[in-house]
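Remarks on the structure that follows.
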Amino acid sequence: MSWVSAIALTILLLVFTSTIDTTSALSYRGYKQEMKEQPDDVLIDLIARYGHTMLRAKDELENSKRTVDFGLSRGYSGAQEAKHRMAMAVANFAGGPGRKRRFEGIML
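Under mature numbering (1 follows the signal peptide of the UniProt record, and there is no 0), the letters of the sequence shown match residues -25 to -1, 1 to 83, in that order.
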C-alpha cells in the first residue's frame, strides 16, 4: 500500500510542478508584451524624473547637518565612549589639565 501512495504522490508532484512552470512563463510573456506597448517618450520621461529625484536626494544628503553620535543610546559602552571623548576634548583644550600657558616668560 505504501508503494502505491508513493507513486501517486510522485505523479501529483510532477503535475503541480509542470503547471507552475507554465504559469510563470505565461505571466512573463504578458509582462514582456506590456513593456512593448509603452511608448518610448513615456519611458524616457520616467527615467528622467527618476534621475532628477536621485540627484535631489544626493544634494539633500550632502547639505543635511549631521550630529555627533556618542553612542549614548547603546547602553553602558556608549556612555563610556562619550565620557572618554569629553575627557579627551578637555585635555586638548588650551586651558585644560596638563597644559601650562606661558605668558611673556612667566608661568601661570
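Virtual Cβ for every residue (Gly too), placed ideally from N, Cα, C.
From residue i to residue j, what distance separates their C-alpha atoms?
i: residue 65; j: residue 52; result: 20 angstroms
i: residue 16; j: residue 22; result: 10 angstroms
i: residue 34; j: residue 26; result: 12 angstroms
i: residue 62; j: residue 54; result: 12 angstroms
i: residue -21; j: residue -14; result: 10 angstroms
i: residue 68; j: residue 20; result: 56 angstroms
i: residue -17; j: residue -24; result: 10 angstroms
i: residue 18; j: residue 58; result: 55 angstroms
i: residue -19; j: residue 29; result: 56 angstroms
i: residue 14; j: residue 31; result: 26 angstroms
Over what stretch of residues does the alpha helix (DSSP H) that includes residue i continue unbroken?
i: residue 50; result: Here residue 50 belongs to no alpha helix (DSSP H), and DSSP marks it neither H nor E.
What residues in its chain sit with their C-beta under 8 angstroms from that of residue i, if we drop five residues either side in the sequence?
i: residue -9; result: none
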